[in-house]
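**Student:** Let me begin by handing over the structure; questions about it come next.
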Amino acid sequence: MGASLVLGIIALVSGFGLRYWINRRKFYRRSPTGAEGFSSYEKSVIIKTSERLGKWIAYALIIFGVLFLWSYSRQKKAKEKASQGMEMPKP
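According to our numbering, the sequence shown holds residues 3 to 93 in order.
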């Protein structure tokens, strides 16, 4: 296994996990009428800002994960192509 494969999988899983966790917290904070409930204005601002930042971090992790997986597939194809080019046909 290549390092880019492992890093890609870790980044993707953590990115999707972070998005899931943020959305789940947001869901359970809603009342039956659909309004979010906070105990104070300060908590509202801090939580909404941190969730927004967390979602941007999750998107970045997902993008990096996809790029790492793409890099791994390119490296694998290059290795296969190089190994096929090294084989010489017997006359």
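From the three backbone atoms N, C-alpha and C, an ideal C-beta is built for every residue, glycine too.
Note that the structure is predicted; figures quoted are calculated from it, not measured.
With DSSP as the reference, identify every bridge partner of residue 32, one or two as the case may be.
**Tutor:** Counting from 1 along the sequence shown, the entry for residue 32 is found at position 30. Beta-bridge pairing links residue 32 to 38.
**Student:** Determine the DSSP secondary structure at residue 67, reduced to helix, strand or coil.
**Tutor:** To locate residue 67, count along the sequence shown from 1; it is residue 65. Helix.
**Student:** Please state whether DSSP places residue 87 in a helix, a strand or coil.
**Tutor:** As a position in the sequence shown, residue 87 is number 85, starting the count at 1. Residue 87 falls in the helix class under three-state DSSP.
**Student:** Note down the Cα distance separating residue 71 from residue 25, rounded to an integer number of angstroms.
**Tutor:** The count along the sequence shown starts at 1 and reaches residue 71 at position 69. The count along the sequence shown starts at 1 and reaches residue 25 at position 23. Rounded to the nearest angstrom, the two C-alpha atoms are 25 Å apart.
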